[in-house]
Amino acid sequence: DARVTQTPRDKVTEMGQEVTMRCQPILGHNTVFWYRQTMMQGLELLAYFRNRAPLDDSGMPKDRFSAEMPDATLATLKIQPSEPRDSAVYFCASGLGDPSETQYFGPGTRLLVL
Amino acid sequence: SQKIEQNSEALNIQEGKTATLTCNYTNYSPAYLQWYRQDPGRGPVFLLLIRENEKEKRKERLKVTFDTTLKQSLFHITASQPADSATYLCALRGGSNYKLTFGKGTLLTVNP
């Protein structure tokens, strides 16, 4: 049963610390998305990769967020320095095709910045 | 500006009844619309996709309609069960844009 995996599942950190979230997309999928979900804003797209190349990161605060795909099996989202307003659930999703019609979401990383 | 609205934040119905959820949008010309289910503590799960040239799609107890004139999609769950209780999200993709934009969701509770 192919799934998107994310680590860590939960993260509590203090303001100013670096946070790294990892995602393993489904093997063979060529698109990866990072989303942030909050009660106020819902699901917001942060970044999009196709064949490991970043195509859109317009949803990310550029000064503190960065997203990379060092290889086809790993996507990372980094926040440095973290702030309390970054507290949210971060989801990774992967898909196949361009554009991929169906996105398969991971279980999310719940981040709390104190 | 583009906007997606799901009719209510929460909907409570009795088991066995049909649940109807609404998704309205403005300033979009969507290539297709999707519905996802999200359970607490989990990521959204894809349910159905309906294209701009389709009026209706069915899958088991689920039915989706898409009216591009009204700019509205209706999502129906017939013979609802307590296990259908979850948050349901609609999402739209624009014509040539890969980006999926999600509504905030409707929390459905089916009471036994």
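Sequence lines, in order, name chains A and B.
Mapping to our numbering: the first sequence position 1 is -19, numbers consecutive.
If you want our numbering, it's the 1-based position in the second sequence plus 4.
Backbone N, C-alpha and C fix where the C-beta goes; we use that ideal spot for every residue, glycine too.
Closest residue to residue i among the options (Cα-Cα distance)
i: T22 of chain B; options: B:R65, B:K75, B:Y92; result: B:R65
i: I59 of chain A; options: A:T53, A:A52, A:E48; result: A:E48
i: C97 of chain A; options: A:Q21, A:L23, A:A27; result: Summary: the structure shown does not reach residue 97 of chain A, with chain A confined to residues -19 through 94, and so no result is reported for it.
i: L74 of chain B; options: B:G98, B:T26, B:L112, B:K108; result: B:T26
i: N115 of chain B; options: B:E60, B:I8, B:Q18; result: B:Q18
i: S89 of chain B; options: B:I8, B:T30, B:Y32, B:D43; result: B:D43
i: E1 of chain B; options: A:A(-18), A:N31, A:E81, A:G22; result: Limits of chain B in this structure are 5 at one end and 116 at the other, which puts residue 1 of chain B out of reach.
i: E9 of chain B; options: B:G47, B:L78, B:T82; result: B:L78
i: A55 of chain A; options: A:E(-2), A:D(-19), A:A(-18), A:I6; result: A:I6
i: P34 of chain B; options: B:Y102, B:V68, B:R97; result: B:R97
i: T69 of chain B; options: B:G45, B:W39, B:V49; result: B:W39
i: P34 of chain A; options: A:M20, A:W14, A:T82; result: A:W14
i: N57 of chain B; options: B:V49, B:T72, B:N28; result: B:T72
Same chain only: Cβ atoms within 6 Å of residue i, ignoring 5 sequence neighbours per side
i: F106 of chain B; result: L93, A95
i: Q6 of chain B; result: N31, Y32
i: G(-4) of chain A; result: P61
i: L92 of chain A; result: V(-8), S67
i: T91 of chain B; result: Q42, G109, L111
i: N11 of chain B; result: T26
i: S74 of chain A; result: V(-16), P5, I6, H9, V12, Y84
i: T53 of chain A; result: Q4
i: E(-2) of chain A; result: Q60
i: Q76 of chain B; result: N28
Same chain only: Cβ atoms within 7 Å of residue i, ignoring 5 sequence neighbours per side
i: G88 of chain A; result: Q(-14), V69, Y70, F71
i: E8 of chain A; result: Sequence check: residue 8 of chain A is Gly here, not Glu. The answer, listed in chain order, is L76.
i: S46 of chain A; result: K58
i: R16 of chain A; result: E24, L26, A68, Y70
i: T0 of chain A; result: T56, K58
i: A83 of chain B; result: G20, R65
i: N31 of chain A; result: N10
Rounded distance between the beta-carbons of residue j and residue i, thought under 8 Å
i: R41 of chain B; j: L51 of chain B; result: 6 Å
i: F85 of chain A; j: G47 of chain B; result: 3 Å
i: R55 of chain B; j: Y36 of chain B; result: 5 Å
i: P64 of chain A; j: L94 of chain A; result: 7 Å
i: H80 of chain B; j: K67 of chain B; result: 4 Å
Same chain, Cβ closer than 8 Å to residue i, neighbours up to 5 away in sequence not counted
i: L15 of chain B; result: A23, L25, T110, L111, L112, T113
i: P86 of chain B; result: E19, V114, N115, P116
Interface flag, residue i vs chain C, CB-CB below 7 Å
i: G22 of chain A; result: As a matter of chain content, chain C is missing from the structure shown, whose protein chains are A and B.
Open item on the list: Give me the subset of the segment 37 to 50 of chain B whose CB atoms are less than 9 Å from a CB atom of chain A, sorted by chain position.
Closed with: For the segment 37 to 50 of chain B, which is checked against every Cβ of chain A, the residues closer than 9 Å are Q38, Y40, Q42, G45, R46, G47, P48, V49, F50.
Task: Chain-ordered residues of the segment -11 to 3 of chain A with a beta carbon less than 7 Å from chain B - done: Answer set for the segment -11 to 3 of chain A: empty.
Open item on the list: Output needed in chain order: residues of the segment 52 to 84 of chain B with a Cβ under 9 Å from some Cβ in chain A.
Closed with: Listed by position along the chain: L53.
Open item on the list: Along the segment 35 to 60 of chain A, where does the CB come closer than 8 Å to a CB of chain B? Name the residues.
Closed with: Those would be L35, D36, in chain order.
- [ ] Select from the segment 66 to 88 of chain A all residues with a C-beta closer than 8 Å to any C-beta belonging to chain B, and list them in chain order.
- [x] Taking 8 Å as the Cβ-Cβ cut-off against chain B, the residues of the segment 66 to 88 of chain A that qualify are F71, A73, D78, P79, S80, E81, T82, Q83, Y84, F85, G86, P87, G88.
Task: Against chain B: residues of the segment 7 to 32 of chain A by CB proximity under 7 Å - done: Contact annotation: in the segment 7 to 32 of chain A, residues whose CB is within less than 7 Å of a CB in chain B are G22, L23, L25, Y28.
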